[in-house]
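Engineer: Just passing along the structure, written as structure tokens.
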Amino acid sequence: MSGAGERTRRVLDEARGVRAMVWIIAIMLFLTVLGAALGLATRNAASGLESQLAGRATVQIVTGDPARRQVEADRVLGALRRLDDVRGATPVDRGELAALLRPWLGDAGADPDLPVPTMIDLELADGEPAALARVRAAVTKIAPAARVDTHEAWMTPVADFLDLIVLIAAVLVILLAGATAAVVVLAARAGLEAHRQTIEIMHMLGSTDVQVARLFQRRIARDAAIGAVIGGLAALAMLLLISAQAAGLGSELLGQATLGPLGWATLALLPVAFVLLAALAARLAITRTLERVL
Numbered sequence: 028m029s030g031a032g033e034r035t036r037r038v039l040d041e042a043r044g045v046r047a048m049v050w051i052i053a054i055m056l057f058l059t060v061l062g063a064a065l066g067l068a069t070r071n072a073a074s075g076l077e078s079q080l081a082g083r084a085t086v087q088i089v090t091g092d093p094a095r096r097q098v099e100a101d102r103v104l105g106a107l108r109r110l111d112d113v114r115g116a117t118p119v120d121r122g123e124l125a126a127l128l129r130p131w132l133g134d135a136g137a138d139p140d141l142p143v144p145t146m147i148d149l150e151l152a153d154g155e156p157a158a159l160a161r162v163r164a165a166v167t168k169i170a171p172a173a174r175v176d177t178h179e180a181w182m183t184p185v186a187d188f189l190d191l192i193v194l195i196a197a198v199l200v201i202l203l204a205g206a207t208a209a210v211v212v213l214a215a216r217a218g219l220e221a222h223r224q225t226i227e228i229m230h231m232l233g234s235t236d237v238q239v240a241r242l243f244q245r246r247i248a249r250d251a252a253i254g255a256v257i258g259g260l261a262a263l264a265m266l267l268l269i270s271a272q273a274a275g276l277g278s279e280l281l282g283q284a285t286l287g288p289l290g291w292a293t294l295a296l297l298p299v300a301f302v303l304l305a306a307l308a309a310r311l312a313i314t315r316t317l318e319r320v321l
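Put into structure tokens, the structure is as follows:
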């Protein structure tokens, strides 16, 4: 019986040269791993950005008169440090502001006569709106023209953009998985059609649809495994290259866009998931075709 099964597998494996499905699976998995890595890294970056900005705010003293502006800044700073809602209050050095303005104003940003707002960096003990409202009331009581802006408000467009990237990556992974299943179904049906006479002989010899389906399923699963290894290794090499390039840029946001242990574990499971998906899609397609046609 085992010899007959081996001869049957050899008949079904006549086309050993180039199997298009192997390379299709490899390409699909390569793109899926990259898409999943993009989504996971972007999600981690968004989470890191949100945790970093949570409870952070900036006070801007915008009074035009420099002397009065400094007096108001000192009084506001003292009042903030006495509030229970404020964990820390640090005045922003004018030199740092000048460095931030240099790309637009050049050396003029360091001019002491330039009406640059005095800024105070706040770390709030509680990020609730009520706490922020109390801080804002305490500031405007001393400096009515002052502004209190949360860092989250500044970065909301960036956070929304990152969330959009995560959504696009998730949709991409789902579409690629669906396309892979469709390719496997087409390959399975094409294999059945190519070996129709062989399958009819197997049926006459007593083979059942389940046995025939199992043979094709093994063949397709093996092709999918080969493609998964090729695509997975190629994607791993690409991710390592991208990680090395991103680390060299020194960007704080890109530095947070890491996969982490959970992300790498998820990517490692994708090839296994693809092989299981291919095997399941092949079995369903073959059994239904055999029941309907042969």
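Take 28 as the starting number for the sequence shown in this note's numbering and just add one per residue.
By construction, the Cβ of each residue, glycine as well, lies at the ideal position given by its N, Cα and C atoms.
1) Using beta carbons (cut-off 7 Å, strictly below), is residue 187 in contact with chain C?
2) Taking only the alpha-carbon atoms, compute the straight-line gap between residue 106 and residue 183 and give it to the nearest angstrom.
3) Return the first residue and the last residue of the alpha helix (DSSP H) that residue 93 is part of.
4) Kindly indicate which three-state DSSP category residue 36 falls into: helix, strand or coil?
5) I'd like to check one pair, residue 253 with residue 60: are the Cβ atoms closer than 7 Å?
6) Mind checking residue 117: buried by the 16 CB within 10 Å criterion, or exposed?
7) For the beta strand (DSSP E) containing residue 84, list its first residue and its last residue.
8) Tell me whether the beta-carbon of residue 313 lies closer than 7 Å to the beta-carbon of residue 204.
9) So, with DSSP's three-state summary, where would you put residue 170?
10) In the DSSP assignment, find the beta strand (DSSP E) that holds residue 118 and state where it starts and stops.
11) Is it buried or exposed, residue 57, if we count other Cβ atoms within 10 angstroms and call 16 or more buried?
12) Judging by CA-CA distance, which residue of 47, 55 and 71 is the nearest neighbour of residue 285?
13) Got a sec? Which residues, its chain only, sit under 6 Å from residue 152 by beta carbon, not counting five neighbours each side?
14) Consult DSSP for residue 286 and reduce its assignment to one of helix, strand or coil.
15) So, using beta-carbon positions, are residue 175 and residue 98 closer together than 7 Å?
16) For residue 20 and residue 95, what's the separation of their Cα atoms in angstroms?
17) Please report how far the alpha carbon of residue 102 lies from the alpha carbon of residue 270, in whole angstroms.
18) Helix or strand or just coil, what does DSSP make of residue 44?
19) For the beta strand (DSSP E) that contains residue 153, what are its first and last residues?
20) With DSSP as the reference, identify every bridge partner of residue 149, one or two as the case may be.
21) Under 7 Å between the Cβ atoms of residue 53 and residue 211?
22) Could you check what DSSP says for residue 143 in three-state terms: helix, strand or coil?
23) Give me, in chain order, the residues of the same chain whose beta-carbon lies closer than 8 Å to that of residue 248; leave out the 5 immediate sequence neighbours on both sides.
24) DSSP three-state label for residue 69, please.
25) Tell me whether the beta-carbon of residue 196 lies closer than 7 Å to the beta-carbon of residue 294.
Structural biologist: On the basis of the coordinates in this document:
1) Absent from the structure: chain C. Only one protein chain is present.
2) Whole-angstrom Cα-Cα distance: 29 Å.
3) Start and end: 93-109.
4) Note that residue 36 scores a pLDDT of 47, beneath 50, so its modelled location is shaky; the value from the coordinates is reported in the next line. In the structure shown, residue 36 sits in a helix (DSSP, three-state: H, G or I).
5) Cβ atoms of residue 60 and residue 253: not closer than 7 Å.
6) Exposed is the call here.
7) Taken as a continuous stretch (DSSP letters only), the beta strand (DSSP E) holding residue 84 covers 83-88.
8) No, the Cβ-Cβ distance between residue 313 and residue 204 is not below 7 Å.
9) In the three-state reduction of the DSSP assignment, residue 170 falls in the coil class.
10) For residue 118, the enclosing beta strand (DSSP E) has its first and last residue at 113-118.
11) With 16 or more Cβ atoms within 10 Å of its Cβ, residue 57 is classed as buried.
12) The alpha carbon of residue 285 has as its nearest neighbour, out of 47, 55 and 71, the alpha carbon of 71.
13) Within the same chain, residue 152 has close Cβ partners 112 and 114.
14) DSSP places residue 286 in coil when its eight states are reduced to three.
15) Not a contact, by the Cβ cut-off of 7 Å.
16) Since the first residue shown for the chain is 28 and the last is 321, residue 20 is missing from the structure and cannot be characterised.
17) So the alpha carbons of these two residues sit roughly 47 Å apart.
18) Note that residue 44 scores 36 on pLDDT, short of 50, meaning its location in the model is unreliable and no value can be drawn from it.
19) Annotation: residue 153 is outside any beta strand (DSSP E) and is labelled neither H nor E by DSSP.
20) Secondary-structure assignment with DSSP links residue 149 through a beta bridge to 84 and 116.
21) Not closer than 7 Å, so no.
22) Note: residue 143 maps to coil in three-state DSSP.
23) Cβ within range, chain order: 302, 305, 306 and 309.
24) Residue 69 sits in a helix when the DSSP states are folded into three classes.
25) Cβ distance not < 7 Å, so residue 196 and residue 294 don't count as in contact.
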